[in-house]
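As given, the protein sequences belong to chains A and B, one line each in that order.
If you read the first sequence in our numbering, its first letter stands for residue 10, the second for the next number, and so on.
If you read the second sequence in our numbering, its first letter stands for residue 10, the second for the next number, and so on.
Idealized CB from N, CA, C, for every residue including glycine.
Let me begin by presenting the structure, written as structure tokens, before commenting on it.
Number of protein chains: 2
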Amino acid sequence: MTTEQVATPRPLRKDAARNRELLIEAAREVFARRGLEASLDDVAHHAGLGVGTAYRHFANKYELASALMEQTIETIVNSAEQAMLVDDPWEGLVAFLEASLVVQTADRGLREVLMGVHDPQKMAQVHDRLFGPISELLHRAQQSGAVREDADATDLGFINGMMCTVADMAGDSSPDLWRRYLTMCLDGLRPGGTAFPTAALSEPEFRDAMANHKHTLTRTTKDTSAGQDAPAKAATPAS
Amino acid sequence: MTTEQVATPRPLRKDAARNRELLIEAAREVFARRGLEASLDDVAHHAGLGVGTAYRHFANKYELASALMEQTIETIVNSAEQAMLVDDPWEGLVAFLEASLVVQTADRGLREVLMGVHDPQKMAQVHDRLFGPISELLHRAQQSGAVREDADATDLGFINGMMCTVADMAGDSSPDLWRRYLTMCLDGLRPGGTAFPTAALSEPEFRDAMANHKHTLTRTTKDTSAGQDAPAKAATPAS
DNA sequence: TTGAAGCGGAGGCATGATCTCCGGAAAGCC
DNA sequence: GGCTTTCCGGAGATCATGCCTCCGCTTCAA
């Protein structure tokens, strides 16, 4: 319908193209190490470029970051699909979790996106794409008797979240520590375990929880209950 | 040695005393719900008082918060000691974890203090007091054959951290969800599980990890590597 | 009744992130 | 080489936000 040439209005000058690549590379490193708390200014400096250059190429850090993440997220979705091809259902499930965590633990910015720290919508999109494959993986493992029947797909989401926490806590000095706790959790997913005292979240509940998730130290909505439930004027009544 | 009367220089006027109590009560609620991100201003408004009043009573929010927490932390230490009195070593261990998590999951500010979000020193103090009792609880359980031999006291620290994450994620709508995942983790602590692929952190390593723990979205040290590893001047060489 | 103690909250100070602007430096075409 | 276009750099404007002070007014209590 429309012309195809829209993608290349002008070829971009040589230095500009090079700097753009430098920026993307720098962003990858900076966001992976410090998360999206890093500013475009930081990225620019890390690339050895001026701030202006960065803002000329990308409107803001989220534009840059989401371009970067898109690709990685695709990787995760793919690994879910590939895990379905593994013969042993349990192995498949484990393979997926590990593959997905290898990527996540290496990239703090990605963890933040996946946990919906900055943009719940973005995260919701990702979950849309992942929920189906993950459910399948789980059900297949349950039908084969490898996973307890009362486990739920949202459990895998929480396990993922817990591993991210471990990665955050352990930091660069023990980058593989999460594997220890994943092993522990997976043993707890096997049949014959203690009955769960609490029901799993349903998928919509899970979605909600992630969206409203008050990340430690994230800016939250102001305290709107100010004074309403407190004695009006307290110890200084009007008369 | 010194006189005892230092504690009461002046009796504090009636309204002042009352407002002080109101502030403490408000702080308890506000910090529990929103964590230490809340400002003294927030606490004051929640108490129905002016900001000035708050600052007259407490130099800053940390002074107020740590006074508040002290008491709760004591509770946790006590519950560790009481857990040693439980006959069944496994039950004792579980009882301690649950008791400590009941307190923590109900109070986001406490979680932050215990995770060392704001003040690593404070956290270190708490860990000093907890490490001994927790180790004992664990070893006793291991000797009774209830817990796998290769589990470590630091594992309990990470399990605790993971449960806090669950609590953060689940929020107020599912305040007990952590029990589900604690059950899962505890099953994974039982003897006969899959071999761990990674060694546990040693206690000093654990301490370090907590102290340097880059909490999601916490302000961190600036990127000091700016430009050093990047091509100097990039696409704009000096001549 | 009257001075001391306490209150409220506007606003000053500090921090830090985001993004703009424009003089000057390449790039690329002739 | 000359000349236009594109791009660069980074100081600093703008905005957001949190912390805390200050001072005119209110309330307490002797």
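Since B/L45 and B/G125 should fall inside the 8 Å C-beta cutoff, what is the C-beta to C-beta distance between them, to a whole number of angstroms? Against the second sequence, residue 45 of chain B aligns to sequence position 36. Against the second sequence, residue 125 of chain B aligns to sequence position 116. With a Cβ gap of about 12 Å, B/L45 and B/G125 do not count as contacting.
Would you mind telling me which residues of chain B sit closer than 8 Å to A/S183, beta carbon to beta carbon, in chain order? Indexing the first sequence from 1 puts residue 183 of chain A at position 174. Within chain B, the C-beta atoms nearer than 8 Å to that of A/S183 come from T207, L210, E214, A218, in chain order.
Under 8 Å between beta-carbons, which chain B residues line up against A/L21? List them in chain order, please. Start at 1 with the first residue of the first sequence, and residue 21 of chain A comes out as number 12. Neighbours of A/L21 on chain B: none; closest Cβ ~12 Å, over 8 Å.
How is A/R189 classed by DSSP in three states: helix, strand or coil? As a position in the first sequence, residue 189 of chain A is number 180, starting the count at 1. A/R189 falls in the helix class under three-state DSSP.
Pull up the distance between the alpha-carbon of B/A179 and that of A/D128, whole angstroms please. Position 170 of the second sequence, counted from the first residue, corresponds to residue 179 of chain B. Position 119 of the first sequence, counted from the first residue, corresponds to residue 128 of chain A. Going from the Cα of B/A179 to the Cα of A/D128 covers about 18 Å.
Distance cutoff 9 Å, beta carbons only. Does A/V112 sit that close to anything in chain B? Here residue 112 of chain A corresponds to residue number 103 of the first sequence, with the count starting at 1. No - not a single Cβ of chain B is within 9 Å of the one on A/V112.
Apart from the five residues just before and just after A/L226, which ones in its own chain have a Cβ nearer than 6 Å to its Cβ? Residue mapping note: residue 226 of chain A aligns to position 217 of the first sequence, counting from 1. Interpretation of A/L226 is limited by its pLDDT of 32, a score under 50 that renders its predicted location unreliable; the figure taken from the coordinates is listed afterwards. Non-local C-beta neighbours of A/L226 in its own chain, meaning closer than 6 Å and more than five positions away in sequence, are absent.
Can you give me the Cβ contacts of B/I82 inside the same chain, cut-off strictly under 7 Å, excluding the 5 residues immediately before and after it? Within the second sequence, numbered from 1, the residue matching residue 82 of chain B stands at position 73. Excluding sequence neighbours, B/I82 sits near V135.
Within 10 angstroms of the Cβ of B/G101, are there 16 or more other Cβ atoms? Answer buried if so, exposed if not. Here the question's residue 101 of chain B lines up with position 92 in the second sequence. Per the 10 Å Cβ criterion, buried.
Are any of the Cβ atoms in chain A nearer than 9 Å to that of B/D196? For this step, residue 196 of chain B is matched to residue 187 along the second sequence. Interface criterion met: the Cβ of B/D196 is under 9 Å from a Cβ in chain A.
How far does the alpha helix (DSSP H) with B/N69 in it reach, from first residue to last? Within the second sequence, residue 69 of chain B is the residue found at index 60, counting from 1. Premise fails: B/N69 is in no alpha helix (DSSP H) and is neither H nor E.
9 Å is my cut-off, CB to CB: does B/L226 come that close to chain A? Within the second sequence, residue 226 of chain B is the residue found at index 217, counting from 1. Reliability fails at B/L226, whose pLDDT of 33 lies under 50, so the model's placement of it is uncertain and no value is given.
Quick check on DSSP: helix, strand or coil for B/S153? Numbered from 1 along the second sequence, position 144 holds the residue referred to as residue 153 of chain B. Three-state result, B/S153: coil.
Residue-chain proximity (A/G202, chain B), Cβ-Cβ < 9 Å: The count along the first sequence starts at 1 and reaches residue 202 of chain A at position 193. With 9 Å as the cut-off, A/G202 counts as an interface residue toward chain B.
At 9 Å on the CB atoms, spell out the chain B contacts of A/L186, in chain order. What you label residue 186 of chain A is simply residue 177 of the first sequence in a count that begins at 1. Result: F167, T207, A208, A209, L210, A218.
So, under 8 Å CB-CB, B/L186 and B/V175 are touching, yes? Tell me the CB distance rounded to an integer number of Å. Counted from its first residue, the second sequence places residue 186 of chain B at position 177. Counted from its first residue, the second sequence places residue 175 of chain B at position 166. At roughly 6 Å, the Cβ-Cβ gap stays under 8 Å, so B/L186 and B/V175 are in contact.
Partner residues on chain B for A/N221, Cβ-Cβ distance less than 7 Å: Taking the first residue of the first sequence as 1, we reach residue 221 of chain A at position 212. Under the 7 Å cutoff, chain B gives G180.
Look at the alpha carbon of B/L106 and the alpha carbon of A/R120, and state the distance between them as a whole number of angstroms. For the purposes of this step, residue 106 of chain B is taken as the residue at position 97 of the second sequence. For the purposes of this step, residue 120 of chain A is taken as the residue at position 111 of the first sequence. Taking the straight line joining both Cα atoms gives about 27 Å.
Whose Cβ in chain A lies nearer than 8 Å to the Cβ of B/T81? Taking the second sequence and counting its residues from 1, one reaches residue 81 of chain B at position 72. In chain order: nothing, as chain A lies at least about 18 Å away.
Can you confirm whether B/D128, when its beta carbon is compared against all beta carbons of chain A, has any partner nearer than 9 Å? Locating residue 128 of chain B in the second sequence gives position 119, where the first residue counts as 1. So no, B/D128 is outside the interface.
Tell me whether B/R22, by its Cβ, gets closer than 8 Å to a heavy atom of the ligand ADP. Among the ligands in the structure shown, none appear at all, so the ligand ADP cannot be discussed.
Residue range of the alpha helix (DSSP H) that A/T163 falls in? Counting from 1 along the first sequence, the entry for residue 163 of chain A is found at position 154. Taken as a continuous stretch (DSSP letters only), the alpha helix (DSSP H) holding A/T163 covers 162–179.
CB-CB under 6 Å to A/L147, same chain, minus the five flanking residues each way: which ones, in chain order? The residue you call residue 147 of chain A lines up with position 138 of the first sequence. Beyond the five residues adjoining it in sequence on each side, A/L147 comes within less than 6 Å, by CB distance, of A162 in the same chain, given in chain order.
In three-state terms, what does DSSP make of B/G201? In the second sequence, residue 201 of chain B corresponds to position 192, counting from 1. Three-state result, B/G201: coil.
Terminal residues of the continuous alpha helix (DSSP H) containing B/V122? Walking along the second sequence from the start, residue 122 of chain B turns up at place 113. Per DSSP, B/V122 belongs to the alpha helix (DSSP H) from 117–123.
Exposed or buried, what is B/D51 when buried is set at 16 or more other beta-carbons lying within 10 Å of its beta-carbon? Translated into the one-based positions of the second sequence, residue 51 of chain B becomes position 42. Counting the other Cβ atoms within 10 Å of the Cβ of B/D51 gives 16 or more, which makes it buried.
Once the 5 residues before and after A/K70 are set aside, which same chain residues still bring their CB inside 6 Å of it? Here residue 70 of chain A corresponds to residue number 61 of the first sequence, with the count starting at 1. Only L49 meet the Cβ criterion.
Quick one: does A/G170 have its CB under 9 Å from some CB of chain B? In the first sequence, the residue the question calls residue 170 of chain A occupies position 161. Closer than 9 Å: yes.
Could you tell me whether the Cβ of A/M193 comes closer than 9 Å to any Cβ of chain B? Start at 1 with the first residue of the first sequence, and residue 193 of chain A comes out as number 184. By the rule that beta-carbons nearer than 9 Å mark a contact, A/M193 touches chain B.
In whole angstroms, what is the alpha-carbon distance linking A/V122 and A/K131? By one-based count along the first sequence, residue 122 of chain A stands at place 113. By one-based count along the first sequence, residue 131 of chain A stands at place 122. Taking the straight line from one Cα to the other gives about 7 Å.
Identity of the residue in B/L32, B/Y190, B/I85 nearest B/P142 by Cα: Numbered from its first residue, the second sequence carries residue 142 of chain B at position 133. Per the Cα distances, B/I85.
Does DSSP put B/L21 in a helix, a strand or coil? The count along the second sequence starts at 1 and reaches residue 21 of chain B at position 12. B/L21 falls in the coil class under three-state DSSP.
Between the alpha carbons of B/A41 and A/A218, how many angstroms are there, rounded? Position 32 of the second sequence, counting from 1, holds the residue named residue 41 of chain B. Position 209 of the first sequence, counting from 1, holds the residue named residue 218 of chain A. Distance between the alpha carbons of B/A41 and A/A218 is about 18 Å.
Exposed or buried, which one is A/L94 when buried takes at least 16 other CB atoms within 10 Å? Translated into positions along the first sequence, residue 94 of chain A becomes position 85. In summary, A/L94 is exposed, with fewer than 16 beta-carbon neighbours lying within 10 Å of its beta-carbon over all protein chains present.
What residue does the alpha helix (DSSP H) around A/V126 start on, and which one ends it? The residue you call residue 126 of chain A lines up with position 117 of the first sequence. Neither: A/V126 is in no alpha helix (DSSP H) and is coded neither H nor E.
Thinking C-alpha only, which one of A/L110, A/A47, A/A89, A/A208 is nearest A/E145? For the purposes of this step, residue 145 of chain A is identified with residue 136 of the first sequence, where counting begins at 1. Sorting A/L110, A/A47, A/A89, A/A208 by C-alpha distance to the C-alpha of A/E145 places A/A89 at the top.
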